[in-house]
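Enquirer: Shown below is the structure under consideration.
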Amino acid sequence: MEVQAEPEPKGEKMALVDTMEFVNGLYQKRNDSHLPIASHICLFFASGGFFLRINRKLIDDPTIRANALASVFARTSTLAIRTVGSKVLSGSHLILGKLFQKYPESGCAYCGNLPCKCEKHRRPEPANIQASGVQQFWTLTEWCQHIRRVYGPNNRKNGIEYVTNQLLEEILEVTMLLEPLIVGERLEDSELVMVAAEFADVFARIFALADMYGVVDFLEDKIDTHYAQCKRCGKRPCECGSIYGHEDRANVLFGPRADSVTI
Ligand SMILES: [Zn+2]
Ligand SMILES: [Zn+2]
16 MEVQAEPEPK GEKMALVDTM EFVNGLYQKR NDSHLPIASH ICLFFASGGF FLRINRKLID
76 DPTIRANALA SVFARTSTLA IRTVGSKVLS GSHLILGKLF QKYPESGCAY CGNLPCKCEK
136 HRRPEPANIQ ASGVQQFWTL TEWCQHIRRV YGPNNRKNGI EYVTNQLLEE ILEVTMLLEP
196 LIVGERLEDS ELVMVAAEFA DVFARIFALA DMYGVVDFLE DKIDTHYAQC KRCGKRPCEC
256 GSIYGHEDRA NVLFGPRADS VTI
């Protein structure tokens with residue numbers, strides 16, 4: 016079976032932006048043709064709900080947790096690239112730029128400390144911190160390690176439930192900002208920048224949770240293997256057509272079993 020050469024399936028670990036493109040490259044063609052934007056937003060939102068359900072049921076299997084986070088990562092990547100890209104900058108690079116700004120190598124963008132010493136309700140304006148060029152090459156694992164360095168102590172103090180709520184809140188914020196697309200309107204450039212910033216926050220929470228659950232390696236491996244080619248049609252890019260033709264809607268949204276990842 017022919018596997019598309021670009022970007023390379025991950026032997027050596029890819030930079031985060033390439034991982035986002037790697038996942039998106041599998042599904043973009045199908046999504047553009049067969050997945051209306053409202054459904055795409057719904058799938059993105061549902062991935063957060065699925066993750067919440069795993070937490071609520073206290074499912075303690077690292078593979079299941081990593082699968083659920085991989086699903087959030089994949090749906091965040093595909094929706095982000097689809098919605099915030101412009102002629103000048105791809106969606107993945109726009110979001111990476113926001114990650115540099117909001118999560119700089121030097122420490123917390125708000126209090127300037129490493130690790131962060133912000134109270135729960137931090138001040139609204141970030142400190143004026145220079146982004147580091149090296150961050151553009153960081154892998155998903157390196158981003159997870161970075162978020163642990165900056166926010167690990169706070170996150171451990173607040174607990175997984177609190178950080179999960181933060182993830183869902185960020186997903187909600189993206190969803191609300193994308194609402195104009197659901198009714199067929201376009202987003203202004205200034206709105207796109209805001210959406211990109213919120214997508215960056217979703218990614219940061221995914222990194223935090225992967226670290227807190229101890230599933231960073233599982234998550235990387237899952238993305239490497241699961242998103243190399245479509246599990247249904249075996250192709251890259253996926254040629255499944257409408258995803259709703261294959262399974263009932265509930266299965267598409269949440270997976271037929273807790274350990275499945277559907278998109
Ligand atoms: Zn801080
Ligand atoms: Zn397929």
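Residue numbers 16 to 278, in our numbering, belong to the letters of the sequence shown in order.
Every residue, glycine too, gets a C-beta built ideally from N, C-alpha and C.
Model, not experiment: these values are computed from the prediction.
Just to confirm, is the Cβ distance from valine 87 to phenylalanine 66 under 7 angstroms?
Expert: Yes, these two residues count as a Cβ contact at 7 angstroms.
Enquirer: Does the beta-carbon of glutamate 185 have 16 or more other beta-carbons within 10 angstroms, so that it is buried, or is it exposed?
Expert: buried
Enquirer: My understanding is that valine 217 touches threonine 93, with C-beta atoms under 8 angstroms, so please give their C-beta distance in whole angstroms.
Expert: With a Cβ gap of about 13 angstroms, valine 217 and threonine 93 do not count as contacting.
Enquirer: Mark glutamine 244 as exposed unless 16 or more other C-beta atoms lie within 10 angstroms of its C-beta, in which case mark it buried.
Expert: buried
Enquirer: So, is the C-beta of valine 87 closer than 7 angstroms to a C-beta in chain B?
Expert: Absent here is chain B; the protein component of the structure consists of one chain.
Enquirer: Check alanine 13 in the structure and name its three-state DSSP category.
Expert: A question about residue 13 goes unanswered here, because the residues of the chain that appear run from 16 up to 278.
Enquirer: Using 10 angstroms around the beta-carbon of aspartate 33, count the other beta-carbons present and answer buried if the total reaches 16, otherwise exposed.
Expert: buried
Enquirer: Can you name, in chain order, every residue of its own chain whose Cβ lies under 6 angstroms from the Cβ of serine 107, other than the five neighbours on each side?
Expert: Within the same chain, serine 107 has close Cβ partners Val32, Met35, Glu36, Ile96.
Enquirer: Have a look at Ala223, Thr190, Val210 and flag the residue whose alpha-carbon is nearest the alpha-carbon of leucine 58.
Expert: Thr190
Enquirer: With a CB to CB cut of under 6 angstroms and the five nearest residues on each side skipped, what residues in its chain are close to alanine 211?
Expert: Val99, Leu109, Ile110, Lys113
Enquirer: What residue does the alpha helix (DSSP H) around tyrosine 228 start on, and which one ends it?
Expert: 204-228
Enquirer: Using 8 angstroms as the Cβ pair cut-off and three pairs as the minimum, do the stretch 46-55 and the stretch 163-182 touch?
Expert: no
Enquirer: Indicate the three-state DSSP secondary structure (helix, strand or coil) for alanine 53 in the structure shown.
Expert: Per DSSP, reduced to three states, the secondary structure at alanine 53 is helical.
Enquirer: Going by the C-beta, is cysteine 126 closer than 6 angstroms to any heavy atom of ligand 1?
Expert: yes
Enquirer: Between cysteine 159 and valine 231, which are expected to be in contact by the criterion C-beta below 8 angstroms, what is the C-beta distance as a whole number of angstroms?
Expert: 5 angstroms
Enquirer: Please tell me whether, using a cut-off of 6 angstroms, the distance from the CB of cysteine 123 to the nearest non-hydrogen atom of ligand 1 is below it.
Expert: Checking every heavy atom of ligand 1 against the Cβ of cysteine 123, one is found closer than 6 angstroms.
Enquirer: Quick one: Cα of glutamate 200 to Cα of glutamate 194, how far?
Expert: Each residue's alpha carbon lies about 9 angstroms from the other.
Enquirer: Examine ligand 2 and report whether any of its heavy atoms sits within less than 6 angstroms of the Cβ of arginine 247.
Expert: Arginine 247 has its Cβ nearer than 6 angstroms to a heavy atom of ligand 2.
Enquirer: I need the boundaries of the alpha helix (DSSP H) containing lysine 28, first residue and last residue.
Expert: Boundaries for lysine 28: no alpha helix (DSSP H) harbours it, and the DSSP string shows neither H nor E there.
Enquirer: Buried or exposed: threonine 240, going by 16 or more other Cβ atoms within 10 Å of its Cβ?
Expert: exposed
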